[in-house]
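In UniProt numbering, the protein residues as written are 1 to 160.
First up is the structure itself, then whatever we jot down about it.
Listed below in structure tokens is the structure:
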């Protein structure tokens, strides 16, 4: 297993946007549309969030970020860290990059005193669902723009 070298970058850093564009293309190929969840790059700047990019041989190959929620809203709790734009490029999958990125997201969210980490994915991403389940995530009531989407899956994990 070749692990990535993970760095904190701005959500709108060129390496971040390159990977975000690729993940949006992945959503289009799997679901027919990009993720339409509203995101503000400032939400992914410490201390209210973070955006991470993983490099292998100085090439950006993985990314993911979280943003903290300030208030309770549906199944979301104040203090939850919501994962967004978790992605590994084609050709680098199966090397442990996603698991390393997920661990880094969980660690940084816990360091920022988030009590729980949450995410939204979909049934057309079975490998993502398997990763999250094997990492201790459980299904919660759907939230956000996909709350009524029958192929959406929302998950959470308590942080220590």
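All C-beta atoms in this analysis are idealised placements derived from N, C-alpha and C, irrespective of residue type, glycine included.
According to DSSP, what are the bridge partners of residue 97?
Answer by DSSP bridge pairing: none, since residue 97 is not bridged.
Relative to the C-alpha of residue 45, which residue among 22, 10 and 71 is closest?
10
Bounding residues of the beta strand (DSSP E) (the contiguous stretch that carries residue 156)
152-158
Span separating the alpha-carbon of residue 1 from that of residue 92
Here residue 1 scores only 49 on pLDDT, less than 50, and its place in the model should not be relied on; the value that follows carries that caveat. Cα-Cα distance, rounded: 11 Å.
Residue ranges of each alpha helix (DSSP H) within the UniProt domain "N-acetyltransferase" (6-160), 4 or longer
14-31, 97-111 and 126-134
Through-space distance from residue 49 to residue 81, alpha-carbon basis
8 Å
Would residue 78 be called buried (16 or more neighbouring beta carbons within 10 Å of its own) or exposed?
exposed
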